[in-house]
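Written below as structure tokens is the structure these notes are about.
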Amino acid sequence: MSRLTPENVTLAEEIIGRYPRPKSALIPLLHLAQEQDGYVADDAMEHLAELVGVTPAEVLGTCSFYEMFKREPVGTYVVNVCTNISCQLLGGEELLHHAEERLGIRAGSTTADGRFTLEDVECIAACTEAPCLQVNYRYFHRITTDEFDALVDELAAGGRPDEIPPHGTLARVRQHIPDDRAAGPAVPGECGEPVWITARPAPAPEPRS
Amino acid sequence: MTITEAPRIVSSRFDVADGHTIDVYESTHGYEGLRAALAKRPDEVVEEVKTASLLGRGGAGFPAGVKWGFCPPGVWPRYLVVNGDESEPGTYKDRLLMERDPHQLIEGALIASYAIGCSQAFLYVRGEMALAQERIAAALNEAYAKGYVGRNIMGSDFSVDVVLHWGAGAYIVGEETALIESLEGNRGMPRLKPPFFPAAKGLYLQPTVVNNVETLSNLPWILREGGAAFAELGAEASRGTRLFAVSGHVRQPGVYEVEFGVTTFRDLIYSPLYAGGIRDGNEIKAYIPGGSSAPWFFEEHLDLPLEKGVVDRAGSMLGSGAVVVFDETTDVVKAALRVVRFYARESCGKCTPCREGTSWLEKILERISDGLGRPSDLELLVDVCDNISPGIAWPPKQTTICPLGPSAVSPIASAVTRFRDEFAARIGEPVTVSTPITGGAYTAAPDAPAEVGA
Numbered sequence: 000m001s002r003l004t005p006e007n008v009t010l011a012e013e014i015i016g017r018y019p020r021p022k023s024a025l026i027p028l029l030h031l032a033q034e035q036d037g038y039v040a041d042d043a044m045e046h047l048a049e050l051v052g053v054t055p056a057e058v059l060g061t062c063s064f065y066e067m068f069k070r071e072p073v074g075t076y077v078v079n080v081c082t083n084i085s086c087q088l089l090g091g092e093e094l095l096h097h098a099e100e101r102l103g104i105r106a107g108s109t110t111a112d113g114r115f116t117l118e119d120v121e122c123i124a125a126c127t128e129a130p131c132l133q134v135n136y137r138y139f140h141r142i143t144t145d146e147f148d149a150l151v152d153e154l155a156a157g158g159r160p161d162e163i164p165p166h167g168t169l170a171r172v173r174q175h176i177p178d179d180r181a182a183g184p185a186v187p188g189e190c191g192e193p194v195w196i197t198a199r200p201a202p203a204p205e206p207r208s
Numbered sequence: 000m001t002i003t004e005a006p007r008i009v010s011s012r013f014d015v016a017d018g019h020t021i022d023v024y025e026s027t028h029g030y031e032g033l034r035a036a037l038a039k040r041p042d043e044v045v046e047e048v049k050t051a052s053l054l055g056r057g058g059a060g061f062p063a064g065v066k067w068g069f070c071p072p073g074v075w076p077r078y079l080v081v082n083g084d085e086s087e088p089g090t091y092k093d094r095l096l097m098e099r100d101p102h103q104l105i106e107g108a109l110i111a112s113y114a115i116g117c118s119q120a121f122l123y124v125r126g127e128m129a130l131a132q133e134r135i136a137a138a139l140n141e142a143y144a145k146g147y148v149g150r151n152i153m154g155s156d157f158s159v160d161v162v163l164h165w166g167a168g169a170y171i172v173g174e175e176t177a178l179i180e181s182l183e184g185n186r187g188m189p190r191l192k193p194p195f196f197p198a199a200k201g202l203y204l205q206p207t208v209v210n211n212v213e214t215l216s217n218l219p220w221i222l223r224e225g226g227a228a229f230a231e232l233g234a235e236a237s238r239g240t241r242l243f244a245v246s247g248h249v250r251q252p253g254v255y256e257v258e259f260g261v262t263t264f265r266d267l268i269y270s271p272l273y274a275g276g277i278r279d280g281n282e283i284k285a286y287i288p289g290g291s292s293a294p295w296f297f298e299e300h301l302d303l304p305l306e307k308g309v310v311d312r313a314g315s316m317l318g319s320g321a322v323v324v325f326d327e328t329t330d331v332v333k334a335a336l337r338v339v340r341f342y343a344r345e346s347c348g349k350c351t352p353c354r355e356g357t358s359w360l361e362k363i364l365e366r367i368s369d370g371l372g373r374p375s376d377l378e379l380l381v382d383v384c385d386n387i388s389p390g391i392a393w394p395p396k397q398t399t400i401c402p403l404g405p406s407a408v409s410p411i412a413s414a415v416t417r418f419r420d421e422f423a424a425r426i427g428e429p430v431t432v433s434t435p436i437t438g439g440a441y442t443a444a445p446d447a448p449a450e451v452g453a
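Chains as they are written, first to last, in numbering that gives the first Met the number 0: chain A, 0 to 208; chain B, 0 to 453.
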């Protein structure tokens with residue numbers, strides 16, 4: 000795996016078309032590659048480089064900066080347990096240790112059956128719902144160790160496909176700008192003062208008498 | 000107690016069923032603010048926001064209307080970038096605004112674009128927030144279909160695309176120049192200011208306004224009800240209402256919209272309407288008043304109002320509206336270590352004092368926490384802090400391009416100053432007397448609350 004499929008190339012071109020400069024689409028496109036394969040494959044990065052007109056090294060440079068991008072296959076379910084301050088105060092670290100015991104792996108690794116990857120993550124903005132975790136970036140709030148075990152059992156038995164899509168899929172609704180409604184990207188050098196500004200100038204300041 | 004009957008300006012649809020859909024939004028004053036804005040000249044909209052005295056809600060607390068005015072005249076195109084990369088530990092409000100009221104945010108972005116003259120707007124949502132991305136994508140699709148976004152908005156000559164963009168996991172991208180780098184498809188490393196002030200040289204080196212989600216979510220109400228009505232709420236520099244997330248050892252952790260500038264920390268933490276006091280009848284030991292980058296506050300700061308100037312002068316900040324409460328059972332060495340580890344992990348590596356300093360701070364704190372600390376470690380911690388932020392003062396001085404490095408100094412300065420005996424005990428120093436509890440973490444003494452409104 001794998002270059003983008005023809006369907007995903009069409010999607011990629013639509014995404015690129017929204018930006019004044021193609022490279023701006025790179026992070027959404029890396030997500031698209033990860034959605035397709037579950038991780039970002041080398042071939043996919045080379046393909047993205049062609050699509051946005053940069054070198055593969057530049058794509059790798061961007062990809063390797065962001066921790067959501069996995070450059071090797073990960074588990075079907077990526078379980079991210081927050082241990083940052085608000086969760087730490089209410090048992091986030093203990094929850095992570097429990098998860099390590101339950102799954103039989105250290106945070107940062109994947110179970111032998113390829114089902115679960117466990118991560119110790121930074122604050123995921125659910126601080127009043129501590130301790131919290133995400134499975135494939137879907138939230139679980141105020142979770143106990145018993146609830147964690149039940150969740151793992153449920154996922155191992157086939158999961159909650161409606162609620163938790165495979166790793167790599169983020170939003171299941173995509174933005175689509177209809178051609179007849181699009182204002183179009185604002186390209187530097189091709190785009191002057193907006194008409195609504197020109198048409199409604201601010202009154203000149205009162206001359207000093 | 001200063002609990003007021005201020006309206007819920009940004010959270011009015013949080014508890015409304017399907018509040019994220021356009022039908023509910025339109026039936027609850029949705030897009031009326033945009034209609035009101037389009038009936039004015041752009042400069043009049045800017046004036047309305049200046050009248051409201053709306054402070055940015057992202058962390059720095061700069062007046063939004065003034066920030067808009069920094070774009071150099073005659074340089075086009077301009078861009079609006081919405082900062083939805085909420086990641087400051089303790090902070091939980093922008094995600095709610097994006098998930099539960101995406102149209103309010105879109106309307107706010109449109110009002111700002113109209114006022115500033117932005118030819119394109121980008122809504123940068125944190126990568127980990129899949130539901131927020133989904134709700135915003137759906138809301139944008141609805142809004143395009145109804146003619147609220149895109150070409151000739153509501154039949155006028157105002158045209159702008161609002162593009163959903165999403166990140167991929169990097170705290171530093173919440174810094175506005177790093178956000179712009181990321182939006183250009185690069186590694187999210189901050190740019191040097193000057194020359195790269197976003198208002199002058201931002202996205203594609205064009206004038207760019209970067210506004211926080213909560214800041215923009217206030218605009219529909221301000222345009223509908225008037226800037227003066229907004230400014231009637233609050234006190235001093237802090238007008239309107241504001242969302243605060245109260246987490247940690249409280250009975251009712253939650254996100255509360257309260258009147259800005261007048262409600263106090265004690266109200267927020269102890270009132271049964273809000274966080275309801277400390278769990279299990281325990282005592283408060285310390286609290287973070289505005290996100291993990293903020294120096295800690297203690298019991299003597301509880302009666303300070305949630306007012307930017309007062310909190311700044313008391314030696315900390317309201318930052319991102321994140322109040323994290325520690326009760327008496329809290330191990331402050333571990334708490335400080337956890338916060339410092341965050342900065343060590345999230346340092347982008349561009350500036351040496353931050354890249355090296357934060358990871359050394361983490362290592363030293365870790366060995367203290369593990370009982371392997373050395374007698375010289377406390378001095379060493381302070382010395383490393385001083386190299387990242389000379390003088391360990393507030394507001395912090397920087398040896399770095401952005402404030403991430405100095406942010407790691409805050410928890411250490413707070414914890415080591417106030418709870419020195421707890422650190423000393425871990426190191427094995429013979430501790431007999433607890434350090435007397437006086438003053439704040441920094442050299443500046445807190446202002447007396449009596450100064451408010453003086």
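A virtual CB, placed ideally from N, CA and C, is assigned to each residue, including glycine.
query	result
So which residues on chain A does Ser118 (chain B) lean against when the C-beta distance must stay under 7 Å?	Ala185, Cys190, Pro193
So is Ala129 (chain B) in contact with chain A if we call contact Cβ pairs under 8 Å?	yes
Could you compute how far the alpha carbon of Ser51 (chain B) sits from the alpha carbon of Phe229 (chain B)?	The question names Ser, but residue 51 (chain B) in the sequence shown is Ala. Straight-line Cα distance between these residues: approximately 5 Å.
Given a cut-off of 8 Å on the beta-carbon distance, is the pair Gly58 (chain B) and Gly290 (chain B) in contact?	yes
Are Ala321 (chain B) and Ala244 (chain B) close, meaning C-beta to C-beta below 8 Å?	yes
Between the alpha carbons of Thr54 (chain A) and Asp41 (chain A), how many angstroms are there, rounded?	13 Å
Residues of chain B with CB closer than 8 Å to the CB of Leu29 (chain A), please, in chain order.	Ala167
With hydrogens ignored, establish whether the beta-carbon of Lys362 (chain B) is closer than 7 Å to any heavy atom of the ligand FAD.	This structure simply doesn't include the ligand FAD, nor any ligand for that matter.
Tell me which residues share the same chain as Gln33 (chain A) and place their Cβ nearer than 6 Å to its Cβ, disregarding the 5 neighbours each side in the sequence.	Val39, Gly167
Compute the Euclidean distance between the alpha carbons of Gly18 (chain B) and Ile387 (chain B), then round it to the nearest angstrom.	45 Å
If contact is defined by three or more beta carbon pairs under 8 Å, each pair taking one atom from either stretch, is the segment 335-353 of chain B in contact with the segment 162-174 of chain B?	yes
Under three-state DSSP, which class holds Asn210 (chain B)?	strand
For Gln133 (chain A), which residues in chain B fall below 8 Å Cβ to Cβ?	Glu127
Of the residues A:Val51, A:Asp178, A:Cys62, A:Leu89, which one's Cα is nearest the Cα of Cys131 (chain A)?	A:Leu89
Buried or exposed: Glu49 (chain A), going by 16 or more other Cβ atoms within 10 Å of its Cβ?	exposed
Considering only the beta carbon of each residue, do Ala111 (chain B) and Leu79 (chain B) sit closer than 8 Å?	yes
Assess, as a yes-or-no matter, whether the segment 97-110 of chain B is touched by the segment 125-141 of chain B under the definition of 3 or more beta carbon pairs within less than 8 Å.	yes
Please list the residues of the segment 18-51 of chain B that have a C-beta atom closer than 7 Å to any C-beta atom in chain A, keeping them in chain order.	Arg40, Pro41, Asp42
When you compare only the Cα positions, how much space is there between Pro252 (chain B) and Pro206 (chain A)?	56 Å
I need the DSSP call for Trp359 (chain B), collapsed to helix, strand or coil.	helix
For Gly184 (chain B), does the count of other Cβ atoms within 10 angstroms reach 16, so buried, or fall short, so exposed?	buried
Considering only C-alpha positions, which residue in the set B:Arg250, B:Pro352, B:Asp266 is nearest to Pro402 (chain B)?	B:Pro352
Taking its Cβ as the centre, do 16 or more other Cβ atoms sit within 10 Å of Pro219 (chain B), making it buried, or is it exposed?	buried
Along chain A, in chain order, which residues have C-beta atoms closer than 7 Å to that of Asn82 (chain B)?	Simply none; closest approach about 13 Å.
Beta-carbon of Val208 (chain B) versus every beta-carbon of chain A: anything under 8 Å?	no
Tell me the residue span of the beta strand (DSSP E) that contains Leu169 (chain A).	Element bounds for Leu169 (chain A): n/a, residue is neither H nor E.
Between Arg241 (chain B) and Val254 (chain B), how many whole angstroms is the CB-CB distance? I'm expecting something under 8 Å.	No, Arg241 (chain B) and Val254 (chain B) are not in contact; Cβ-Cβ is about 11 Å, not under 8 Å.
Using a beta-carbon distance below 8 Å, is Gln87 (chain A) in contact with chain B?	yes
In chain order, which continuous runs of the beta strand (DSSP E) of length 3 or greater are located wholly inside the segment 91-144 of chain A?	115-120, 132-134, 137-139
Helix, strand or coil: which one does DSSP assign to Arg190 (chain B)?	coil
Going along the chain, which residues of the segment 291-309 of chain B sit with their C-beta nearer than 9 Å to a C-beta in chain A?	Ser291
Cutting at 6 Å between CB atoms, please list the residues of its own chain near Ala56 (chain A), excluding the five before and the five after it.	none
Quick one: is Tyr273 (chain B) near chain A, going by C-beta distance under 8 Å?	no
Within 8 Å (strictly less), CB to CB, does Val432 (chain B) reach chain A?	Residue placement at Val432 (chain B) is poorly supported in this model, since its pLDDT is 41, which falls under 50; the coordinates are not used for a value here.
Who are the near neighbours of Lys333 (chain B) in its chain, counting only those whose CB is closer than 7 Å to its CB and skipping five residues on each side?	Ser368
Can you grab the Cα-Cα spacing for the pair Asp382 (chain B) / Ser118 (chain B), in whole Å?	48 Å
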